[in-house]
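Structure follows, in structure tokens:
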């Protein structure tokens with residue numbers, strides 16, 4: 112099937128019909144080009160939105176308290192609900208849906224940070240070591256808070272890059288002591304969130320803060336990560352179960368969102384990703400539709416070709432060509448045209464998307480493009496591979512009917528002198 | 008070599024059945040030089056197609072070299088054609104985008120002979136018919152006589168037992184026709200059975216046996232010595248019967 116003769120014959124027919132071959136190939140190339148551009152754009156949009164979620168773990172959930180707004184079990188509304196350290200123990204050990212937990216204790220009023228002559232007012236986030244992973248805190252220097260800091264109530268602090276700039280200027284902040292209010296804290300790390308305009312937040316051990324600022328066992332809010340699930344309904348159910356268990360502990364109606372507020376990122380994330388899956392499916396349907404139009408074109412051309420070559424096929428059969436060899440001749444030509452044309456379309460489509468990606472990256476590097484909901488609009492290797500497989504199959508499909516017809520050519524009719 | 012026994016063939020188109028061959032009994036021995044004649048519609052093309060395993064028949068039997076040829080599948084028919092039969096056509100039926108050598112070599116391609124080997128053999132056959140210098144020419148660059156010689160070379164290259172020629176001189180002028188007939192006679196002299204379908208009496212007269220078909224039956228068979236008589240009778244016939 113793959114000897115030189117068959118290729119020589121295929122190329123000689125292609126040479127005889129240059130324009131027609133080109134037009135046919137073009138429709139296939141266009142189909143695959145559009146498929147690649149659409150898929151790339153879909154990916155770009157999805158990556159852009161995913162980037163929006165990248166500031167936190169996608170399965171993060173925040174819980175905070177307020178006053179009850181619904182009477183519950185004979186208790187009046189307007190009660191203040193307070194989390195405490197037992198809730199932390201409960202969430203870490205007994206709540207099945209919860210993975211990691213970080214408690215937070217809010218410092219009252221404006222806390223002034225000062226170092227030497229420099230000072231400023233910044234936000235303090237008190238937390239557990241787990242928060243680094245949960246809120247994707249990236250460090251440019253030093254380390255994050257660890258378990259030992261927690262146990263020993265160490266006065267250590269991780270400062271945002273803006274705090275470093277404001278207080279330390281060019282100085283290396285690591286190991287230096289800055290004052291939070293009047294208490295000196297040792298700087299152990301510098302954090303930087305490149306996606307955010309604000310790096311005015313500092314992290315200190317929750318235990319230290321609670322003891323130092325007279326918190327008793329009070330906890331203001333929790334950040335937790337939940338079990339990963341794949342449907343929005345499951346994510347919603349987790350949210351419900353966590354609410355119910357805490358409502359039971361503090362005697363309030365689980366539906367009372369004023370008593371305890373909660374936000375579950377996973378539900379939104381899953382919903383958004385579902386939309387993109389739908390878009391992706393849609394893109395494939397359109398792309399394949401375009402491709403089918405191209406394939407029908409190839410099939411059409413091959414049919415005409417077979418009709419034109421009826422006599423030649425008749426001669427070949429009279430001389431001893433088996434039906435298989437005739438099928439091979441037509442099928443290989445069809446596969447050749449679709450594969451070569453399709454591959455060109457593939458390369459052009461992928462090339463265009465890579466070009467767009469390059470442009471976007473240049474823009475990002477230049478500082479702009481923060482508002483663009485479009486990242487890395489490229490098609491991965493597996494998709495390109497799948498598209499290539501589809502192409503070859505498409506070629507075979509396009510050639511099949513004409514090839515069958517060629518194989519069924521009756522030499523008598525083909526050779527009849529008109 | 009060829010034995011036909013009560014061979015029937017009809018073509019069905021819609022509700023009409025056209026009974027073309029109505030019981031042909033025919034024996035052609037190895038090495039014979041036969042022509043088949045008959046007016047159009049007498050069934051001579053149908054007979055040739057059946058002999059060439061290009062078409063099947065309805066009833067009776069066809070033995071080729073002792074082997075029953077009946078309801079063969081396409082692949083098997085193709086192999087048998089390739090090994091046993093060489094075809095020569097009125098309109099030559101050379102493949103237009105292949106040069107003379109490639110055309111001659113084609114049957115060997117289907118026998119899976121290597122490219123170099125079959126080109127070499129093709130050159131020998133072209134040389135035999137005085138076409139060596141034309142090996143690289145396309146059919147469109149050859150004269151009618153040259154084309155038919157290429158076609159005969161192609162028919163012979165697979166060393167068949169039988170040559171079936173359908174109006175081999177129909178598209179040629181008289182002088183070239185005689186040339187081609189000379190070649191076919193030479194081929195026959197080497198022991199290959201040659202069967203020619205023609206409606207030209209002078210061409211038929213150059214063969215050793217004439218089979219006349221009439222309305223799907225063998226009207227008469229004229230052999231060797233009778234040919235002289237036949238020729239005389241042909242002269243006395245009206246030109247009208249030539250058709």
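Protein chains in written order, with our numbering: chain A, 112 to 529; chain B, 8 to 250.
Backbone N, C-alpha and C define an ideal beta-carbon position, used for all residues, glycine too.
Here the structure is a predicted model, which means the values were calculated and not measured.
| request: Please list the residues of the segment 412-444 of chain A that have a C-beta atom closer than 9 Å to any C-beta atom in chain B, keeping them in chain order. | output: So the close ones are 422, 423, 425, 426, 427, 428, 429, 430, 431, 432, 433, 434, 435 and 436.
| message | Just to make sure I have the definition right: I need the residues of chain B whose C-beta is within less than 9 Å of the C-beta of residue 115(A). Which are they? | response | The sequence position of residue 115(A) within the first chain is 4, counting from 1. Residues of chain B passing the Cβ test: 122.
| said: So if I threshold CB-CB distances at 7 Å, which residues from the segment 82-101 of chain B count as touching chain E? | reply: Within the model displayed, chain E is absent; protein chains A and B are what it includes.
| message | For residue 242(A) and residue 338(A), I'd like the C-alpha separation in whole angstroms. | response | Along the first chain, read from residue 1 onward, the residue named residue 242(A) stands at position 131. Along the first chain, read from residue 1 onward, the residue named residue 338(A) stands at position 227. Those two C-alpha atoms are separated by around 16 Å.
| field | Buried/exposed call for residue 253(B), threshold 16 Cβ in 10 Å | value | Residue numbering for chain B in the displayed model covers 8 to 250; residue 253(B) lies beyond these limits and cannot be assessed.
| said: Considering only the alpha carbon of each residue, which of 17(B), 8(B) and 9(B) lies closest to residue 223(B)? | reply: The count along the second chain starts at 1 and reaches residue 223(B) at position 216. Taking residue 223(B) as reference, the option from 17(B), 8(B) and 9(B) with the minimal CA-CA separation is 17(B).
| task | Could you tell me whether the Cβ of residue 59(B) comes closer than 9 Å to any Cβ of chain A? | result | For the purposes of this step, residue 59(B) is identified with residue 52 of the second chain, where counting begins at 1. Taking CB atoms only, residue 59(B) has a neighbour in chain A less than 9 Å away.
| request: Would you check if there are 3 or more beta carbon pairs closer than 8 Å linking the segment 14-31 of chain B to the segment 106-113 of chain B? | output: No: the two stretches stay apart, fewer than three of their Cβ pairs being nearer than 8 Å.
| said: Let me check understanding here. Comparing Cα to Cα, which of 167(B), 12(B) and 202(B) lies closest to residue 66(B)? | reply: For the purposes of this step, residue 66(B) is taken as the residue at position 59 of the second chain. Selected option, being the one with the closest Cα: 12(B).
| task | State the Cα-Cα distance for the pair residue 155(B) and residue 508(A), rounded to the nearest angstrom. | result | For the purposes of this step, residue 155(B) is taken as residue 148 along the second chain, with counting starting at 1. For the purposes of this step, residue 508(A) is taken as residue 397 along the first chain, with counting starting at 1. Distance between the alpha carbons of residue 155(B) and residue 508(A): 39 Å.
| said: 9 Å is my cut-off, CB to CB: does residue 245(B) come that close to chain A? | reply: What you label residue 245(B) is simply residue 238 of the second chain in a count that begins at 1. Summary for residue 245(B): the model assigns pLDDT 49, below 50, so the residue's position carries little reliability; its value from the coordinates is reported in the next sentence. Output row for residue 245(B): interface = no.
| message | Taking the beta carbon of residue 77(B) as the centre, do at least 16 other beta carbons fall within 10 Å, making it buried, or is it exposed? | response | Along the second chain, one-based indexing puts residue 77(B) at 70. Residue burial is scored here from C-beta neighbours: residue 77(B) has fewer than 16 other C-beta atoms within 10 angstroms and is therefore classed as exposed.
| message | Following a CB-centred definition, is residue 54(B) positioned closer than 8 Å to any heavy atom of the ligand SAH? | response | This structure lacks the ligand SAH; in fact it carries no ligand of any kind.
| task | Hey, could you find the ends of the alpha helix (DSSP H) residue 391(A) is sitting in? | result | Residue mapping note: residue 391(A) aligns to position 280 of the first chain, counting from 1. Here the alpha helix (DSSP H) through residue 391(A) covers 376-419.
| task | Verify whether the separation of the beta carbon atoms of residue 158(A) and residue 376(A) is less than 9 Å. | result | Here residue 158(A) corresponds to residue number 47 of the first chain, with the count starting at 1. Here residue 376(A) corresponds to residue number 265 of the first chain, with the count starting at 1. Not in contact: residue 158(A) and residue 376(A) (Cβ atoms no closer than 9 Å).
| said: Residues of chain A with CB closer than 9 Å to the CB of residue 117(B), please, in chain order. | reply: Along the second chain, read from residue 1 onward, the residue named residue 117(B) stands at position 110. Under the 9 Å cutoff, chain A gives 427, 430, 431, 432, 433 and 436.
| task | Report the three-state DSSP secondary structure of residue 174(B) (helix, strand or coil). | result | Taking the first residue of the second chain as 1, we reach residue 174(B) at position 167. Under the three-state reduction of DSSP, residue 174(B) is assigned to coil, being neither helix nor strand.
| First through last residue of the alpha helix (DSSP H) which encompasses residue 436(A) | As a first step, residue 436(A) is located in the first chain; it is residue number 325 there, counting from the start. Residues 434-476.
| Hey, residue 106(B) and residue 145(B) are a contact pair by Cβ (cut 8 Å); roughly how many whole angstroms apart? | On the second chain, position 99 is the one that residue 106(B) refers to. On the second chain, position 138 is the one that residue 145(B) refers to. Cβ-Cβ separation between residue 106(B) and residue 145(B): approximately 5 Å, consistent with a contact (criterion under 8 Å).
| Using the C-alpha atoms, what's the distance from residue 100(B) back to residue 164(B)? | For this step, residue 164(B) is matched to residue 157 along the second chain. For this step, residue 100(B) is matched to residue 93 along the second chain. Distance between the alpha carbons of residue 164(B) and residue 100(B) is about 16 Å.
| said: Restricting to Cα atoms, I'd like to know which of 324(A), 191(A), 271(A) and 304(A) is closest to residue 298(A). | reply: Here the question's residue 298(A) lines up with position 187 in the first chain. When only C-alpha atoms are compared, the closest one is 271(A).
| field | Whole-angstrom distance between residue 123(A) and residue 84(B), CA atom to CA atom | value | Reading the second chain from its first residue, position 77 is the one you call residue 84(B). Reading the first chain from its first residue, position 12 is the one you call residue 123(A). The straight-line gap from Cα to Cα measures roughly 28 Å.
| said: Buried or exposed for residue 153(B), going by 16 or more other Cβ atoms inside 10 Å? | reply: Along the second chain, one-based indexing puts residue 153(B) at 146. Flag for residue 153(B) reads buried.
| Are there 16 or more other CB atoms within 10 angstroms of the CB of residue 250(B), so buried, or fewer, so exposed? | Locating residue 250(B) in the second chain gives position 243, counting from the first residue. Confidence in residue 250(B) is poor, its pLDDT being 39 and thus under 50, which makes the residue's placement unreliable; the coordinate value appears in the next sentence. It is exposed - the Cβ of residue 250(B) has fewer than 16 other Cβ atoms within 10 Å.
| How about residue 168(B) and residue 8(B): do their beta carbons lie closer than 9 Å? | Within the second chain, the letter at position 161 stands for residue 168(B). Within the second chain, the letter at position 1 stands for residue 8(B). Annotated as proximal: residue 168(B) and residue 8(B), with beta-carbon spacing under 9 Å.
| field | Residue-level contact to chain A via CB, residue 163(B), 9 Å cutoff | value | Sequence index remark: in the second chain, residue 163(B) carries index 156 (1-based). False, the Cβ-Cβ gap to chain A never drops below 9 Å.
| said: Using 8 Å for Cβ pairs, my map puts residue 173(A) next to residue 320(A). What's the rounded Cβ distance? | reply: Start at 1 with the first residue of the first chain, and residue 173(A) comes out as number 62. Start at 1 with the first residue of the first chain, and residue 320(A) comes out as number 209. That belief does not hold up - the Cβ atoms of residue 173(A) and residue 320(A) are roughly 18 Å apart, past 8 Å.
| query | residue 62(B) versus chain A: which residues are under 7 Å apart at the beta carbon? | reply | Counting from 1 along the second chain, the entry for residue 62(B) is found at position 55. Simply 523.
| Looking at C-beta atoms only, is the number of pairs between the segment 352-370 of chain A and the segment 177-185 of chain A that lie closer than 8 Å three or more? | The segment 352-370 of chain A vs the segment 177-185 of chain A: in contact.
| Nearest candidate by alpha-carbon position, reference residue 431(A), set 289(A), 188(A) and 521(A) | In the first chain, residue 431(A) corresponds to position 320, counting from 1. 521(A) is the residue among 289(A), 188(A) and 521(A) whose C-alpha sits nearest the C-alpha of residue 431(A).
| query | Along the chain, where does the beta strand (DSSP E) that runs through residue 26(B) open and close? | reply | As a working note, residue 26(B) is residue 19 in the second chain. Residue range 23-35 is occupied by the beta strand (DSSP E) that includes residue 26(B).
| task | Report the neighbours of residue 56(B) on chain A: residues whose CB is nearer than 7 Å to its CB, in chain order. | result | Within the second chain, the letter at position 49 stands for residue 56(B). Chain order gives the chain A residues near residue 56(B) as 523, where near means a beta carbon separation below 7 Å.
| message | Going residue by residue through the segment 140-194 of chain B, where are the continuous alpha helix (DSSP H) segments of at least 4 residues, counting only ones entirely within it? | response | Unbroken alpha helix (DSSP H) runs of no fewer than 4 residues, entirely contained in the segment 140-194 of chain B, are found at 151-163, following chain order.
| Any Cβ of chain A within less than 9 Å of the Cβ of residue 185(B)? | The residue given as residue 185(B) occupies position 178 in the second chain. By this cut-off, residue 185(B) is not an interface position.
| field | C-beta neighbour in chain B for residue 518(A), strict 9 Å | value | Taking the first residue of the first chain as 1, we reach residue 518(A) at position 407. In terms of beta-carbon proximity, residue 518(A) lines the interface with chain B, with at least one pair separated by less than 9 Å.
| request: Could you give the DSSP three-state label for residue 240(A): helix, strand or coil? | output: Along the first chain, one-based indexing puts residue 240(A) at 129. Coil.
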